[in-house]
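To start, the structure under review is shown below, and the notes come after it.
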Amino acid sequence: MEFEAKDYEVRAGLLTDRIILITGATDGIGRALALRTAELGARVVLHGRNTKRLEKVYDEIEAIDGAVRPSIAVLDLATADSDAYTSLANSIEQEFGRLDGLVHNAGILGNRHSIEQYDPAEWQQVMHVNLTAPFALTQVLFPALKKSRNPSLIFTSSGVGRVGKAFWGAYSVSKFGTEALSQILSNENRHSGMRVNCINPGAVRTKMRLAAYPAEDRDVLKGPEDILAAYLYLLGPDSEEITGQSLDAQ
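The sequence shown begins at 20 in our numbering and counts up one residue at a time.
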């Protein structure tokens, strides 16, 4: 689906009273989205694996005039077991009673090697963090999401999750899987009111982009705060009929 970010007007209070969990909220797009959703009235649950970095974003949100106090969810997607996922889900239900939005933003790149040379252990790690962990987190959060009047799930895709390119290895395959997971969830929940979509952020000035393209001129790239319109659109009420889509943020 074509989405024209430049034409979408984000109005004040767009996300008032919505409870939104953002994974990978300590840096890049996750951090920028956490700050912006808080500005728009959301109660943000900040996920990450580093408590100090999460506390820094927490303090940034606290400094926003009128923002609702956020919460912190510490979970290492690379090592967490089923009990850790269940504990997080229980905490959210006990504290909030529901979850209105879940943004799967956390991910890892892995090495840019040919398939012939790709290390199997690293392949498994990338697939786990980028695909298995979002599946597991979504599954345990289903009860909280179903208690929302208008729940929205957003998965982070990529251009190499639509067209396979040489040397993108496990990252590309994990994003193809992400697109499939999103479509399956959308079809399975089409009559429940739950919306499930993907967003391809495009080229953004992040640490992952630098790792993938170390020689690139970063000054020509948009910053994370510049590509949030698609996320805000899908998290808010203006997209209530949109599900099963894969949008471009740029």
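Beta carbons are placed, not taken as given, at the ideal position from N, Cα and C, and that holds for glycine.
Item	Value
Residues sharing a beta bridge with H123, DSSP	F174
Inter-residue Cα distance where the pair is L73 and N124	15 Å
Identified DSSP bridge partners for D267	N219
Beta-carbon proximity of R50 to A44, cut-off 7 Å	yes
Sheet register partners of G67 (DSSP bridge)	V93
Nearest candidate by alpha-carbon position, reference N18, set L172, Y137, Q143	There is no way to answer for residue 18, as the model of the chain reaches only from 20 to 269.
Cβ-Cβ distance between A268 and P220 below 7 Å	yes
As assigned by DSSP and simplified to three states, the class of R62	strand
Alpha-carbon to alpha-carbon, R237 and L52	20 Å
DSSP beta-bridge partners of K241	V223
For K184 and S177, the rounded distance between their alpha carbons	11 Å
Strand pairing of L34, partner residues [DSSP]	Looking at the DSSP assignment, L34 forms no beta bridge with any residue, so it has no partner.
Buried versus exposed, by CB contacts within 10 Å (16 or more), L204	buried
Inter-residue spacing [alpha-carbon to alpha-carbon] between N216 and S258	11 Å
Buried/exposed call for T225, threshold 16 Cβ in 10 Å	buried
Sequence-distant residues of the same chain with beta carbon closer than 6 Å to W187, five excluded per side	V179
I134 (DSSP reduced to helix, strand or coil)	helix
Sufficient close CB pairs (3 or more, under 8 Å) joining the segment 244-254 to the segment 27-41	yes
Alpha-carbon spacing of S106 relative to V239, whole angstroms	42 Å
Residues of its chain near D95, where Cβ-Cβ distance is below 7 Å and the 5 sequence neighbours each way are ignored	R68
Where Q83 sits in the DSSP three-state scheme	Correcting the residue type first, residue 83 is Ile in the shown sequence and not Gln. Of the three classes helix, strand and coil, the one that applies to I83 here is coil, per DSSP.
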